[in-house]
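The next block holds one structure in the form of structure tokens; read it before the comments.
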Amino acid sequence: MKQFQVPQFIDVEDKILGPITMRQFFIMLIPFGTGILLSFILSLWLAIIVTIPVAIGAAVFAFYRPYGMRFSRFFAAFLAYQLKPRMYIWKREGAPRVVFENSPGGGERPDVHEKRVPKGGLKNIKGTIETGSAYKE
666 MKQFQVPQFI DVEDKILGPI TMRQFFIMLI PFGTGILLSF ILSLWLAIIV
716 TIPVAIGAAV FAFYRPYGMR FSRFFAAFLA YQLKPRMYIW KREGAPRVVF
766 ENSPGGGERP DVHEKRVPKG GLKNIKGTIE TGSAYKE
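If you number the sequence shown the way the numbering used here does, the last residue is 802 and the count never jumps.
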């Protein structure tokens with residue numbers, strides 16, 4: 666029977682120059698080309714000032730990996746989250762406040778009956794739940 670070699674790490678990008686992948690290499694070509702182009706158009710010091718932020722931005726897109734994902738994917742998710750309309754399932758609206766005034770009688774509560782819980786009631790409920798009410802204590 667023929668045996669075939671199965672690729673194991675298909676999600677790892679190929680390295681072309683040391684630890685740099687092809688994607689990182691092409692992203693870093695952008696500030697390099699921008700710097701050369703601007704050095705012909707502008708004076709050298711102005712070209713350097715403009716190229717430095719472009720190089721920093723390209724380095725972030727090429728090498729920074731927040732939460733283990735590429736920065737381009739992270740930035741796209743951030744933009745999608747910020748630009749999509751928010752859908753609020755529940756918004757708390759100002760509920761009308763109820764104000765109780767004290768009666769001149771002094772705070773008596775005529776129709777209030779206090780219900781006492783018997784001692785050991787929680788233990789009885791626990792036993793009923795555990796045994797499926799097969800035994801009564």
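C-beta atoms are modelled at their ideal positions from N, C-alpha and C, and glycine is treated no differently.
Does the beta-carbon of residue i have 16 or more other beta-carbons within 10 angstroms, so that it is buried, or is it exposed?
{"i": "Q689", "result": "buried"}
{"i": "A723", "result": "buried"}
{"i": "P750", "result": "exposed"}
{"i": "P696", "result": "buried"}
Reducing DSSP to helix, strand and coil, say where residue i ends up.
{"i": "L744", "result": "helix"}
{"i": "I681", "result": "strand"}
Round the Cβ separation of residue i and residue j to the nearest angstrom and send it over; I've been treating them as touching at under 8 Å.
{"i": "M693", "j": "A727", "result": "6 Å"}
{"i": "Y732", "j": "F739", "result": "7 Å"}
{"i": "D679", "j": "M687", "result": "6 Å"}
{"i": "F743", "j": "V725", "result": "F743 to V725, Cβ: 13 Å. No contact."}
Below 8 Å, how does it come out for the region 718 to 727 and the region 696 to 703: are there three or more Cβ pairs, yes or no?
yes
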